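Residue numbers (the working numbering), protein chains in the order written: chain W, 141 to 671; chain B, 141 to 671. For reference, the structure is listed below as structure tokens.
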């Protein structure tokens with residue numbers, strides 16, 4: 141525990157470390173059941189008030205910083221996270237049960253994501269500049285000079301997810317995109333990995349100081365129970381919410397946000413079973429191969445991914461037997477893996493039990509029996525389309541390495557099953573050229589059902605890039621118009637403001653004639669490149 | 141009434157005219173109180189079901205139309221509206237009491253708006269194309285080919301406003317932007333001008349036929365009471381809502397939409413008092429001139445604009461007296477104007493009475509007494525900042541030609557008043573160069589409070605262009621991230637979809653290598669112009 145001795149368990153409120161007035165708590169090592177030191181402070185009303193007040197005060201000066209300064213700030217955060225070194229990985233391993241290589245990869249992704257947003261901030265087209273020049277001679281009425289830019293919404297409350305203790309946590313995608321947009325962040329760390337949160341939070345705190353960013357541009361609050369999160373969503377200074385977690389949690393926050401005197405947007409990424417469609421030609425050609433790859437995707441990280449393949453739709457025909465046999469055998473030979481925390485393990489167990497007890501569902505395989513606590517014993521089930529469509533509960537997400545193969549008589553029945561499904565983050569196609577005609581039939585429906593459609597890959601593994609969509613129709617997210625991974629995410633935290641007939645000296649700098657040429661902008665609707 | 145003989149009073153459901161099963165109703169000429177023929181059918185559950193089912197069926201084929209075909213469709217609507225000729229203006233005059241020149245201008249604006257969206261659809265950057273090319277050699281993991289485009293959300297329910305019987309009604313901004321995005325529209329016409337609605341609706345219906353657009357891409361439903369609107373918002377096939385109207389109406393629709401099993405976005409443009417700030421230097425230099433121009437803006441169209449200047453904030457000092465005197469005299473000499481319908485007139489009367497009865501508010505002037513029914517007798521009131529801030533009701537919108545001058549001791553007090561105000565569509569500055577320092581102090585706050593900030597103009601008169609924002613923080617709208625006037629409005633009805641590792645033949649055409657060069661797109665994040 142030597143490397144961890146500098147964990148304080150305190151809240152980070154702006155530049156300060158501060159004790160909390162609510163109940164404190166400790167992390168548990170899910171692999172051993174051991175309680176981890178130190179105890180972490182819970183944020184009470186006074187600390188929530190302090191963090192929100194500081195964030196509101198920081199909003200003005202932070203959004204006035206130049207894109208270059210903001211980019212450097214994001215890069216400093218990345219550098220500081222990397223500089224924590226091994227003790228970050230060690231603590232995250234203890235708190236999550238995730239293996240070292242996975243956490244190292246996740247750290248690289250987190251730092252890369254911050255640097256990618258730094259590049260986006262510098263590139264500048266996120267400002268959405270538009271100019272409609274004055275037409276003083278126009279009849280019947282002259283047109284005034286109109287200029288538009290996007291400004292940040294205000295302080296954002298970000299809720300860390302348990303399943304990505306780095307990439308969707310304190311310095312994860314929501315934080316990176318909100319800070320990139322110019323919004324201060326009040327972070328609610330996930331209580332399952334508070335030490336990881338503190339280490340990353342202090343890396344951000346240090347970057348704030350190094351880059352002379354306004355105090356309060358970032359705070360980290362922690363706590364158990366729902367009150368902290370609800371209080372953040374209710375606070376009148378919070379102008380948007382980013383959340384990754386359960387459907388129940390996301391819906392509760394969205395409902396609270398809608399009840400405010402001033403409702404605010406909630407970007408909740410919640411629940412998806414990520415259907416995989418095994419198409420006839422591919423199945424006939426390589427059923428067993430697909431079965432093996434499927435289990436690798438299913439079992440990876442104990443299946444604890446938003447994009448885990450929870451439903452397999454397949455038309456009965458050649459290759460199905462080979463697929464099922466190979467998947468069954470592969471899962472049976474797959475070792476168990478520790479789940480993130482006892483709560484997730486318990487929910488997984490009860491989800492698997494529900495499928496197990498369902499009369500129309502057949503258990504195909506469980507992975508080998510685990511020895512330690514919180515071990516995810518993967519589960520594979522089989523049912524048919526008629527039974528699946530008749531029982532709504534079968535389409536509910538079981539978070540973890542559980543999947544249900546649904547056999548369909550033919551394409552129309554596969555289509556009917558898809559039509560009954562709710563919105564999804566992803567839909568995956570295992571297909572060969574011989575399946576093109578069927579896919580052409582299905583594609584419009586797939587587009588309506590999901591934010592991302594993949595061919596001959598697996599949905600786990602989300603690229604952080606420009607063309608990524610990690611979003612989708614309700615209930616996969618609360619707002620299908622956006623993404624929580626990838627650079628498009630910056631748009632979630634912006635709104636347009638129009639300046640009419642402003643003298644040059646009063647315009648925001650980027651909209652002045654003298655500066656406009658440096659930026660992407662629309663002039664009279666025509667997209668125009670920087671000079 | 142000859143020119144009107146072909147009004148049928150029927151609903152327009154896809155390509156059909158159809159009788160309604162709910163209570164029928166008639167328009168009233170607000171200038172005379174006379175009931176206007178014919179009676180109009182009210183849409184009942186069967187007709188709502190038919191329109192929504194047709195819209196859902198039309199969604200697939202409509203969004204599959206080419207941008208060029210969609211642009212021609214929008215242009216055909218514009219042409220057909222113009223082709224109705226005088227009888228459209230005559231009927232609208234009878235139904236709204238608005239003068240001929242205003243309605244002719246509004247018709248030109250409506251047609252121009254449709255043609256502007258046609259140009260936007262052709263230009264194509266609304267598709268938001270993004271490509272991240274595959275990196276098969278990347279370590280530790282290869283990157284798949286990722287391509288993104290935006291697709292339309294689905295059928296949209298549009299609610300017509302009473303105060304713009306053409307530009308915010310059946311073929312108004314919401315309809316134009318939704319159709320441009322590729323969304324079918326189920327229109328709820330405003331019951332105060334049902335004949336105008338039918339004429340314009342039939343112009344759209346004819347354009348659907350001429351352009352061979354799918355049946356159901358447009359339907360027009362009418363009715364009195366709230367049930368029709370609520371049923372549309374509840375219908376599972378409706379995927380977004382556009383609304384312009386009262387705060388109560390907008391909030392009720394938003395609440396209903398949030399309660400759906402699948403919540404949907406509601407774009408409600410609701411309520412704004414559009415503060416005008418009279419700055420000291422401008423006031424001293426031209427107080428009387430500003431007073432005169434203010435009343436012209438206030439009284440125009442009986443003040444029935446979302447952007448009517450309802451609050452004047454002014455620091456006590458030189459020029460104030462001249463301003464107040466001139467505004468008072470000018471209003472007293474301004475003739476009354478007929479309001480849109482008895483309901484609006486009644487609400488106006490009660491709003492003015494509320495100010496009149498307020499002990500801390502002084503009546504400065506009423507415009508001359510009207511003779512006919514529903515005549516808006518403009519009203520100008522005066523109070524001070526302390527009283528204004530102590531009484532929340534004084535900042536509520538009075539829809540019509542009523543305004544309240546609020547005098548402030550100094551800049552800090554003006555700022556305090558601004559801080560107490562809710563979100564606004566517009567804030568207007570009457571200023572001279574000598575006011576620059578004060579404006580620089582205020583500007584960050586003004587940006588937080590409004591969607592559009594104007595210098596030395598008046599907020600009435602909203603340009604339909606690329607850089608316009610007719611939106612703003614709650615409660616001026618339900619969603620500050622967008623606008624309901626101008627070309628940016630198309631984005632309200634789109635969502636991104638990512639295609640991962642697709643064979644060229646299966647990609648949407650605009651994302652194929654062979655076509656991509658024709659469009660604006662981001663390649664690895666870099667904005668790239670069409671070849």
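Each residue gets a CB set at the ideal place from its N, CA and C atoms; glycine is no exception. These numbers come from a predicted model, not from an experiment.
query: Residue 524(W) versus residue 497(W): straight-line alpha-carbon distance, rounded; result: 16 Å
query: Span separating the alpha-carbon of residue 300(B) from that of residue 217(B); result: 17 Å
query: Minimum Cβ-Cβ distance from residue 272(B) to chain W less than 8 Å; result: yes
query: Burial state of residue 474(W) (16 or more Cβ within 10 Å); result: buried
query: Sequence-distant residues of its chain with Cβ nearer than 7 Å to residue 202(B) (five each side left out); result: 322, 324, 353, 354, 357
query: Assigned exposure category for residue 272(B) - 16 Cβ within 10 Å defines buried; result: buried
query: Contact list for the segment 594-614 of chain W against chain B, Cβ threshold 8 Å; result: 594, 595, 596, 597, 601, 603, 605, 606, 607, 608, 609, 611, 613, 614
query: Residue 262(W) vs residue 211(W) beta-carbon contact at 8 Å; result: yes
query: Residue 572(W) versus residue 421(W) - alpha carbon distance; result: 6 Å
query: At least three beta-carbon pairs within less than 8 Å, the segment 430-450 of chain W to the segment 464-474 of chain W; result: yes
query: Exposed unless 16 or more other CB atoms sit within 10 angstroms - verdict on residue 481(W); result: buried
query: Beta carbon of residue 194(B) nearer than 8 Å to that of residue 411(B); result: no
query: Proximal residues to residue 371(B) (C-beta, below 8 Å), its chain only, five neighbours per side dropped; result: 185, 188
query: Minimum length 3: unbroken beta strand (DSSP E) runs contained in the segment 190-262 of chain B; result: none
query: Short CB-CB distance (under 8 Å) between residue 635(B) and chain W; result: yes
query: Per-residue DSSP class, three states only, for residue 537(W); result: coil
query: Rounded separation between residue 142(B) and residue 234(B) - CA only; result: In this predicted model, residue 142(B) has a pLDDT of only 37, less than 50, meaning its place in the structure is not dependable; the value taken from the coordinates is given anyway. For residue 142(B) and residue 234(B), the distance between alpha carbons rounds to 14 Å.
query: Under 7 Å (Cβ pairs) to chain B, residues found in the segment 549-569 of chain W; result: none
query: Beta carbon proximity, residue 641(B) to chain W, threshold 8 Å; result: yes
query: For residue 489(B) and residue 205(B), the rounded distance between their alpha carbons; result: 49 Å
query: Residue 673(W) at chain B interface by Cβ criterion, 8 Å; result: Missing from the structure shown is residue 673(W); chain W here goes from 141 to 671 and no further.
query: Opposing strand residues paired with residue 635(W) [DSSP bridges]; result: 291(W)
query: Residue 342(B) versus residue 214(B): straight-line alpha-carbon distance, rounded; result: 14 Å
query: Where residue 291(W) meets chain B, residues with beta-carbon distance less than 7 Å; result: 587
query: Residue of 196(W), 582(W), 388(W), 519(W) minimising C-alpha distance to residue 615(W); result: 388(W)
query: The segment 380-397 of chain B contacting the segment 290-309 of chain B, beta-carbon criterion three pairs below 8 Å; result: yes
query: Sequence-distant residues of its chain with Cβ nearer than 6 Å to residue 668(B) (five each side left out); result: 661
query: Presumed contact (8 Å Cβ cut-off) between residue 315(B) and residue 665(W), rounded CB distance; result: In fact, because the Cβ distance is near 20 Å, the residues do not count as touching under 8 Å.
query: Residues of the segment 313-338 of chain B whose Cβ lies closer than 8 Å to any Cβ of chain W, in chain order; result: none
query: Member of 158(W), 229(W), 304(W) whose CA lies at the smallest distance from the CA of residue 446(W); result: 304(W)
query: Classification of residue 366(W) by the beta-carbon crowding that lies within 10 angstroms, buried from 16 upward; result: exposed
query: Three-way DSSP call (helix, strand, coil) for residue 378(W) in this model; result: coil
query: DSSP three-state assignment for residue 452(W), whether helix, strand or coil; result: strand
query: DSSP three-state assignment for residue 642(B), whether helix, strand or coil; result: coil
query: Spatial neighbours of residue 255(B) in its chain, beta-carbon cut-off 8 Å, leaving aside the 5 residues before and after; result: 214, 215, 218
query: Closer than 8 Å to chain W by CB, residue 576(B); result: yes
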